[in-house]
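Residue numbers (the numbering used here): 41 to 300.
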């Protein structure tokens with residue numbers, strides 16, 4: 041594939057206060073002129089996942105255009121595609137949480153894979169947020185809010201979503217104060233009973249795997265252990281620098297949805 045054909049060679053993301061702000065910003069892009077970022081004949085592609093949510097629960101607006109070089113020094117990049125993502129704060133908190141769960145479970149939820157239970161949870165939560173924002177719900181989820189809330193409550197309990205998310209977020213927040221530069225793997229052990237988390241670093245993958253296996257042999261239901269790569273955690277922190285606040289906002293939104 042040629043670089044000029046790649047959809048996300050470059051891009052940016054705008055996080056707005058709410059749906060109305062997203063709509064206003066989107067209207068500005070729709071009213072572009074030939075001197076703007078995009079081609080004069082119009083958008084290459086526009087994906088409105090707010091009006092038509094994805095089945096995995098993702099919502100937001102993606103606009104794909106071509107870079108318009110205004111200076112000679114920028115000419116090498118002229119014509120390359122660039123993507124602009126427009127999201128509300130709730131939609132961004134949702135996306136951040138998907139990234140977080142993908143990192144800590146090592147399941148490809150971001151790309152449509154992973155366990156059915158987690159995929160169902162995010163589909164349901166996508167609809168709960170859509171109802172709160174007054175937009176279209178996710179296909180394949182209950183249209184009745186009471187039924188939606190009941191199913192969401194059951195799967196949230198089954199997956200231990202709230203203690204897991206809170207524990208992982210705390211672990212991420214602690215990492216800058218830990219000497220993890222020399223480690224390649226991190227073993228995170230969340231105790232869902234006393235709401236504590238222990239982080240142990242490893243250089244050798246085999247030893248890290250052995251430590252995880254020993255914990256799993258105990259069959260303690262109050263312990264939730266995951267093994268993650270340090271690089272994947274760093275990538276998450278770099279891509280979502282406000283992950284702690286965003287995850288907290290998601291948990292608050294989940295609590296509100298479960299009280300509906």
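Glycine included, C-beta positions come from ideal geometry on N, C-alpha and C.
Given the structure is predicted, the values throughout are model-derived calculations rather than measurements.
For residue 287, the CB contacts under 7 Å within the same chain, skipping 5 residues up- and downstream, are 136, 137, 140, 205 and 209 in chain order. Excluding five sequence positions before and after residue 168, the CB atoms of its chain that fall closer than 7 Å to its own CB belong to 188, 192 and 297, given in chain order. One alpha carbon belongs to residue 278, the other to residue 162, and they sit about 23 Å apart. Non-local beta-carbon contacts of residue 176 in its own chain, meaning distances under 8 Å to residues more than five positions away in sequence, involve 90, 91, 92, 93 and 170 in chain order.
With a cutoff of 8 Å on beta-carbon distance, residue 51 and residue 124 are scored as near each other.
Separation of the CB atoms of residue 270 and residue 225 is rounded to 7 Å, and the pair is thereby assigned contact status at 8 Å.
Non-local beta-carbon contacts of residue 87 in its own chain, meaning distances under 6 Å to residues more than five positions away in sequence, involve 102 in chain order. For the beta strand (DSSP E) assignment, the uninterrupted runs of no fewer than 3 residues enclosed by the stretch 100 to 132 are, from N- to C-terminal side, 101 to 106 and 121 to 128. Between residue 230 and residue 283, the CB-CB gap reaches or exceeds 8 Å.
For residue 118, same chain residues with a beta-carbon under 6 Å away, outside a window of 5 residues either side, are 109 in chain order.
Excluding sequence positions up to five before and after residue 133, its CB lies within less than 7 Å of the CB of 286, 289, 290 and 293, all in the same chain and listed in chain order. Counted as a single uninterrupted DSSP element, the alpha helix (DSSP H) harbouring residue 206 occupies residues 201 to 214. Looking at the DSSP output, residue 54 sits in a beta bridge with 126. Contact check for residue 235 and residue 203: beta-carbon distance about 6 Å, within the 8 Å limit, so the pair qualifies. Around the beta carbon of residue 111, a 10 Å sphere encloses fewer than 16 other beta carbons of the protein chains shown; the residue is thus reported as exposed. Counting the other Cβ atoms within 10 Å of the Cβ of residue 121 gives 16 or more, which makes it buried. Taking a 10 Å sphere around the C-beta of residue 242, we find 16 or more other C-beta atoms and assign the residue as buried. Residue burial annotation: residue 180 is exposed, with fewer than 16 other C-beta atoms found within 10 angstroms of its C-beta.
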